[in-house]
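J.: What follows is a structure written as structure tokens; I'll ask about it next.
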Amino acid sequence: MMLPRPDLTALGITHRRIPLMAIGKDVYCDSAVAVDALQALSATLQSSPSDKAFEAYGNTIIGIMLRAFALDSFPGLVQDRATIFSVVTRPDHATLRESALSELKSIFEILEFEMLADRKFVAGDAMTIADINVVFVVRWALLDLQFEKVPGFGTADLPRVYAWISRIPLPEAVIKISAEEASAIILESEPGQLSLSNVDLHAIPIATGVVVETVDSVPGSHPQYGTLIGSARHKVVIEIENGLRLHFPKRGYIIRSEESFQKCGIS
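Residue numbering for the sequence shown follows my numbering, beginning at 821 and increasing consecutively.
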């Protein structure tokens, strides 16, 4: 995983949302497509038809968190993410916190009193893809952003949620390498096999120059240019000039031709 910083610019990637994951020359630009790719490589975790529903649940939490945290507590985060999550630039952001905290508590209580009421994991008594789709954002909110210190969000208030977080294993060993080493490994790798249905995207034909942006970013702030090489049920794949293939989920992203993008006058 690499943070969206100049390290990615060196790879020709201007997209700035995290997480990103590279397998060879294929770069997965959202946790949704990354989880799908890992599951396809090694189906060690059980999946179910409800996995995408839990993915949507996790993304709902992210949207609430952007309104719930106090901007003055994370000035660097706000400065870095202002063009990615435009909600943090709202002049009335400080007044959104009270309502957002109430909404967030309601969402967490679904975990506490419904999903985890009589089982160890959100979809049963064994860890599944559904847990992966939710736990990263819950852990980020409660532990990394320290919402555990906010009244109503502590271990006494959400004991099942904290116990569930503790059951999800963290990586046992992480090998850290420099940005230069990572770039070299990625660029020197071979591309993997693609299985794309190449249906959808309506009027945008394969091999068209396209621009990809997130729905909630400031328009034109971080456009990712590339050539459309295919699509599948839940994603699109573009290729950039250096041969890297970038995979984006369809949900939450805008994919349009370069011609349409330029006509908007926001590039």
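Here a beta-carbon is modelled for each residue, glycine too, at the ideal position from N, C-alpha and C.
This one's a predicted model, so the numbers in the text were calculated from it and none came from an experiment.
In three-state DSSP terms, what is Gln1013?
T.: coil
J.: Take the Cβ of Thr1034 as the centre, count every other Cβ of all protein chains shown within 10 Å, and call the residue buried at 16 or more, exposed below.
T.: Burial of Thr1034 is indicated by the presence of at least 16 other C-beta atoms within 10 angstroms of its C-beta.
J.: Can you list, in chain order, the residues of its chain with a C-beta nearer than 8 Å to that of Ile985? Leave out the 5 residues immediately preceding and following it.
T.: Val955, Val958, Arg959, Leu962 and Leu963
J.: So, helix, strand or coil for Gly883, using DSSP?
T.: helix
J.: Between the alpha carbons of Pro824 and Lys925, how many angstroms are there, rounded?
T.: Legend: pLDDT at Pro824 = 44, less than 50; position of this residue unreliable, no value from coordinates given.
J.: Leaving out five residues before and five after Ala1027 in sequence, what residues of the same chain have Cβ atoms less than 8 Å from its Cβ?
T.: Thr1047, Leu1048 and Ile1049
J.: In the structure shown, what three-state DSSP assignment does Trp960 receive?
T.: helix
J.: In the DSSP assignment, the beta strand (DSSP E) including Val1035 goes from what residue to what residue?
T.: No beta strand (DSSP E) contains Val1035, which DSSP labels as neither H nor E.
J.: From Asn1062, Ile1006, Arg1076 and Val1031, pick the residue whose C-alpha is nearest to that of Met841; which is it?
T.: Ile1006
J.: Indicate whether Leu1064 and Lys845 have their beta-carbon atoms separated by less than 7 Å.
T.: yes
J.: How should Leu990 be labelled, buried or exposed, when 16 other C-beta atoms within 10 angstroms of its C-beta is the threshold for buried?
T.: exposed
J.: May I have the straight-line CA-CA distance separating Met821 from Ala854, to the nearest angstrom?
T.: In this predicted model, Met821 has a pLDDT of only 35, less than 50, meaning its place in the structure is not dependable; the value taken from the coordinates is given anyway. Straight-line Cα distance between these residues: approximately 10 Å.
J.: If we call anything under 7 Å between Cβ atoms a contact, is Ile1074 one with Val1056?
T.: no
J.: Please determine if the segment 909-919 and the segment 937-950 are in contact, where contact requires at least 3 C-beta pairs separated by less than 8 Å.
T.: no
J.: At which residues does the alpha helix (DSSP H) containing Pro979 begin and terminate?
T.: Pro979 to Arg987
J.: For Leu1016, I'd like the list of residues in its chain whose CB is within less than 7 Å of its CB, leaving aside the five on either flank, ordered along the chain.
T.: The beta carbon of Leu1016 sits closer than 7 Å to those of Gly1050, Ser1051, Ala1052 and Val1057, all from its chain and outside the five residues before and after it, given in chain order.
J.: Would you kindly work out how many angstroms separate the C-alpha atoms of Ile927 and Tyr877, rounded to a whole number?
T.: CA-to-CA, the gap between Ile927 and Tyr877 works out to about 9 Å.
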